[in-house]
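Numbering (the UniProt record's numbering), first residue to last: 1 to 327.
For every residue, glycine included, the Cβ atom is placed at its ideal position computed from N, Cα and C.
Note that the structure is predicted; figures quoted are calculated from it, not measured.
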Amino acid sequence: MASAAPQQASASPLPAWIADKNYQPPPGTLGNLTMTQLHCLDKLKKELKEEGKFVEERMDDPTLLRFCRARKFDYPAVKTMLLDFEQWRKDFGVDELTKNFDFKEKEEVNKYYPQYYHKTDKDGRPIYIEQLGKLDINALYKITTPERQIQRLVYEYEKSLSTRVKVCSYTAKHPVETFCTILDLGGVSLASFARVRDFVSQAASIGQNRYPETMGKFYIINAPWAFTMVWAVIKPWLDPVTVAKIQILGSSYRDELLKQIPIENLPKEFGGLCDCPGGCSLSDAGPWNDQNVDDVLAAFEKLVNGQTEEKEGEEKKEGEAPAAAAA
């Protein structure tokens, strides 16, 4: 029997902080880049810095690579997407939002449109659950507005990328950059959905264009027969990488979910064992809410940035070596 061909070496090394020996970096991420992809990343950083548009606190390599993958490393398209995102942040007031947003109506909104993060899957990803089937649009818009809903969405994206995925990465001992999503369509009303269609469309656009490449696994459960038929039609038009992440399930979804989610992390209403005090949908349960979360974030930043600084120091010494020898 012929042996399998060896995997081609990556143009970028695996980050040294990764301690999970079983971790295999996905294509287009650090530790699994082609020379062309690495060149795209390096060129993007170089030009952004030269133009004074590089934002140190949020333009780390994993973030820039998300935009690169979203545009398949087509450099002009990547740079345009990133700069459009930066302009949108200013127009939307994202920095101010993350500091001051207070979704006081959360508990009431939860009764009519549950949307929440809850613990992690077997790969360490935050789990995001949305129950579109429980949507009561009349009741919902008596206590909040579409604008407030979008602000909440952006606030949660920012919290996820600044806190949730970093804590999950530290806990899992490997990079966590994506979410595991459960979209529950059980009892969905076409009439209600039609009235919230603009919100759903705007939310999808923000996810795709402003926070790209954050879908890890996507389960659509309690999908009605008509939805399954529509999916069969549009599936061939979609990117195969995206299609591979999405599973359309009917009412017999429990076993499939448990392949990816520990039973103790899955809420009881979906066939798991978790029954958070006050309800899973209001708990925001997960390692990102542990008492020592600030210490964990500091430790993670030190782990990643400390090794980056060490690497840059070594490169600097190597660059100085010939001059020293000449002297």
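CA-to-CA distance, residue j to residue i, given in whole angstroms
i      : j      : result
LYS316 : THR63  : Low confidence applies to LYS316: its pLDDT is 49, below 50, so where it sits in the model is not reliable, and the reading given next is rough at best. Computed Cα separation, rounded: 25 Å.
LYS106 : GLN151 : 12 Å
ASP198 : ALA298 : 39 Å
LYS142 : TYR113 : 13 Å
LYS79  : LYS53  : 11 Å
TYR219 : GLN131 : 12 Å
PRO128 : MET215 : Position check: residue 128 holds Tyr in this sequence, whereas Pro was assumed. Distance between the alpha carbons of TYR128 and MET215 is about 10 Å.
GLU56  : LYS49  : 10 Å
ARG125 : LEU41  : 25 Å
CYS274 : VAL176 : 23 Å
LYS268 : ILE182 : 14 Å
ASN222 : LEU249 : 6 Å
ALA204 : THR242 : 14 Å
HIS39  : ARG71  : 15 Å
CYS280 : TYR116 : 8 Å
GLN208 : HIS118 : 22 Å
Same chain only: Cβ atoms within 7 Å of residue i, ignoring 5 sequence neighbours per side
i      : result
GLN260 : ASP121, LYS122, CYS180, LYS217
VAL109 : LEU140, ILE143, THR144
GLU158 : VAL94, THR98
LEU135 : TYR112, TYR113, SER192, VAL196
Presumed contact (8 Å Cβ cut-off) between residue i and residue j, rounded CB distance
i      : j      : result
GLY31  : LEU14  : 4 Å
TYR75  : LYS43  : 6 Å
VAL188 : VAL94  : About 31 Å separates the two Cβ atoms, so there is no contact after all.
PRO212 : ARG89  : Between ARG89 and PRO212 the Cβ distance is about 14 Å, and since that is not below 8 Å, they are no contact.
PHE73  : GLN37  : 5 Å
TRP17  : VAL304 : 6 Å
Beta-carbon contacts of residue i that lie in its chain and below 6 Å, excluding the five residues immediately before and after
i      : result
VAL296 : VAL167, TYR170
VAL230 : none
The alpha helix (DSSP H) enclosing residue i, as first and last residue numbers
i      : result
CYS68  : 61-70
LEU44  : 35-50
GLN260 : 254-260
PRO76  : 75-92
ASN138 : 137-143
Start and end residues, beta strand (DSSP E) containing residue i
i      : result
TYR116 : 115-120
PRO146 : Premise fails: PRO146 lies in the alpha helix (DSSP H), 146-159, not in any beta strand (DSSP E).
ILE129 : 126-131
Beta-bridge pairing of residue i - partner residues as DSSP gives them
i      : result
TYR219 : ILE182, GLN247
CYS274 : PRO267
ASN209 : ASN209 is not bridged to any residue.
Distance cut-off 8 Å: residue i Cβ against heavy atoms of the ligand PLP
i      : result
ALA139 : Looking at this structure, you won't find the ligand PLP or any other ligand, since it has none at all.
Contact set for residue i: own chain, Cβ-Cβ below 8 Å, skip 5 residues either direction
i      : result
PRO277 : SER283
THR228 : ILE248, GLY250
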